[in-house]
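Under our numbering, the sequence shown has 227 at position 231, and the numbering climbs by one with no breaks.
Virtual Cβ for every residue (Gly too), placed ideally from N, Cα, C.
Quantities reported herein were computed from a predicted structural model and do not represent experimental measurements.
These notes concern the structure reproduced below.
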Amino acid sequence: MTKEGFIFNVFGYEHPEARVFAFLKYIPATFKNLFNLKYLKNTWTYDKHQVFRAEQLYTAKNYRNFLETFRTHFPEYVYFCPFRTKEIISAPFSSIAEVYVPRECLQRLATVQKKDILQTAALDLIEMLSRESHISFNDFGIHGSIALNMHTSKSDIDLVVYGAKNFRKLETTIEKLSKRGTLTYVSKNRIDAARRYKARYKGKLFMYNAVRNKEEISSDYGLFRYSPMKQIEFRCKVSGDAEAMFRPAIYRISDYQPTSTASRLKETNTPAFVVSMIGCYRNVARKGDTIRVSGMLERVENVEIRNVFYQVVVGTGTSEDERIWPL
């Protein structure tokens, strides 16, 4: 949360000095009219102040609207990234008033003396998942409205688990518990069905995702230079899913098959990875699966060793037609 009352989600694991890349999630009532957005009818109250959320958070149009408003009224939140050669929304350290770390938020929740119904349900759920999966309670975290203490009795439970191995263990445990009838998967569409990250426990809806452990963060800001080339569409096989549960979600791919003439590529610039900046495409496919992809082909150069490879990015903020579709 910033000193103006903006609430951001920190984005990714590589950040410039003295600032973090972030995506705007909640807008205080004071600045609501500055943004050219359609808002959800639901509102939230953070520290006695009303905040609003865009009807559709992760669209290219809304990102451009966020960027334009910040550029005009809060230019300190716009950062020109020399390694991507474009402006990106980011929060400077000097503007940050409060930081909510999922692991710390859960530990804080556990010490609350008079928990409400949702807080109790969240803690019971995580304790049960920890017990069943043999994942340490300390490797779980809580985020979303509960972490910010602005939830209602109808809010969802947003939990995270730290580490790829723990995520796969949790995934297996939730599958086991669903077969036992302890919880029930919830799917509104094909992407939900592929991810299987949403379920109901004792009448409460919960969602789970993964956060990298420190030792799983393998690169620093400035190590790679990213050059966008063109929009392409193709089918491919997932040859590696070890980082598919994080955000950005990274899929190693093979068997590139263009689905349009414009997407035909030389062998030398065929992408080795698909990277999704959009959260809903985390963990939508596993090793051996076939996916259909629409996104931006990028040339990626390691600036230290001058090694070059290619990847396709989904969620660049430049086009609404960027997606990963499991087949």
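Please look up how many angstroms separate the CB atoms of residue i and residue j, rounded, as I've assumed it's under 8 angstroms.
{"i": "Val47", "j": "Ile3", "result": "7 angstroms"}
{"i": "Val156", "j": "Pro98", "result": "5 angstroms"}
{"i": "Ile85", "j": "Phe19", "result": "7 angstroms"}
{"i": "Asp120", "j": "Phe202", "result": "At roughly 11 angstroms, the Cβ-Cβ gap does not stay under 8 angstroms, so Asp120 and Phe202 are not in contact."}
{"i": "Ala56", "j": "Lys34", "result": "Ala56 to Lys34, Cβ: 15 angstroms. No contact."}
Look up residue i in the DSSP assignment and say whether it is helix, strand or coil.
{"i": "Leu125", "result": "helix"}
{"i": "Lys200", "result": "strand"}
{"i": "Gly291", "result": "strand"}
{"i": "Asn162", "result": "helix"}
{"i": "Asn298", "result": "strand"}
{"i": "Asp285", "result": "coil"}
{"i": "Asn29", "result": "helix"}
{"i": "Pro71", "result": "helix"}
{"i": "Phe136", "result": "strand"}
{"i": "Asp154", "result": "strand"}
{"i": "Gly1", "result": "coil"}
{"i": "Lys172", "result": "helix"}
{"i": "Pro98", "result": "helix"}
Using a Cβ-Cβ cut-off of 6 angstroms (strictly less than) and excluding sequence neighbours within five positions of residue i, which residues of its own chain qualify?
{"i": "Ile228", "result": "Ser259 and Leu293"}
{"i": "Tyr247", "result": "Val234, Ala240 and Val270"}
{"i": "Ala25", "result": "Gln46"}
{"i": "Pro267", "result": "Tyr306, Gln307 and Val308"}
{"i": "Ala117", "result": "Lys200"}
{"i": "Ser129", "result": "Lys165, Leu166 and Thr169"}
{"i": "Ala190", "result": "Val280 and Pro322"}
Hey, would you say the C-beta of residue i is under 7 angstroms away from at least one heavy atom of the ligand MN?
{"i": "Glu229", "result": "Questions concerning the ligand MN fall outside what the structure shown contains, since it holds no ligand whatsoever."}
Could you check which residue in the options has the C-alpha nearest to that of residue i?
{"i": "Ile122", "options": "Tyr197, Val108 and Val270", "result": "Tyr197"}
{"i": "Ala195", "options": "Arg208, Leu219, Asn209 and Thr169", "result": "Thr169"}
{"i": "Val289", "options": "Glu300, Ile274, Gly275 and Val308", "result": "Val308"}
{"i": "Ser250", "options": "Ser256, Arg231, Asn5 and Leu219", "result": "Arg231"}
{"i": "Ser141", "options": "Met225, Arg221 and Met(-3)", "result": "Met(-3)"}
{"i": "Lys161", "options": "Lys200, Val182, Arg208 and Ser149", "result": "Arg208"}
{"i": "Pro322", "options": "Asp285, Thr255, Gly236 and Phe70", "result": "Asp285"}
{"i": "Arg221", "options": "Val296, Lys184, Asn185 and Ile287", "result": "Val296"}
{"i": "Leu53", "options": "Ala14, Pro71 and Ile23", "result": "Ile23"}
{"i": "Gly313", "options": "Asp188, Phe31 and Ile274", "result": "Ile274"}
{"i": "Lys210", "options": "Gly159, Ala118 and Leu173", "result": "Gly159"}
{"i": "Leu219", "options": "Gly236, Asn29 and Asn303", "result": "Asn303"}
Who are the near neighbours of residue i in its chain, counting only those whose CB is closer than 8 angstroms to its CB and skipping five residues on each side?
{"i": "Lys44", "result": "none"}
{"i": "Ile113", "result": "Ser149"}
{"i": "Pro94", "result": "Note on identity: in this sequence residue 94 is Glu, with Pro being the wrong assignment. Taken in chain order, the residues that qualify are Met(-3)."}
{"i": "Gln253", "result": "Phe230, Arg231 and Cys232"}
{"i": "Ser174", "result": "Thr180, Tyr181 and Ala195"}
If I measure Cβ to Cβ from residue i and keep anything under 7 angstroms in the same chain, skipping five residues before and after, which residues do I get?
{"i": "Ser315", "result": "Ala56 and Gln227"}
So, do the region 209 to 217 and the region 174 to 186 have three or more beta carbon pairs nearer to each other than 8 angstroms? Touching, no.
Say whether the region 91 to 110 touches the region 132 to 150, bearing in mind that this needs 3 or more beta-carbon pairs closer than 8 angstroms, one atom from each stretch. Yes, the region 91 to 110 touches the region 132 to 150.
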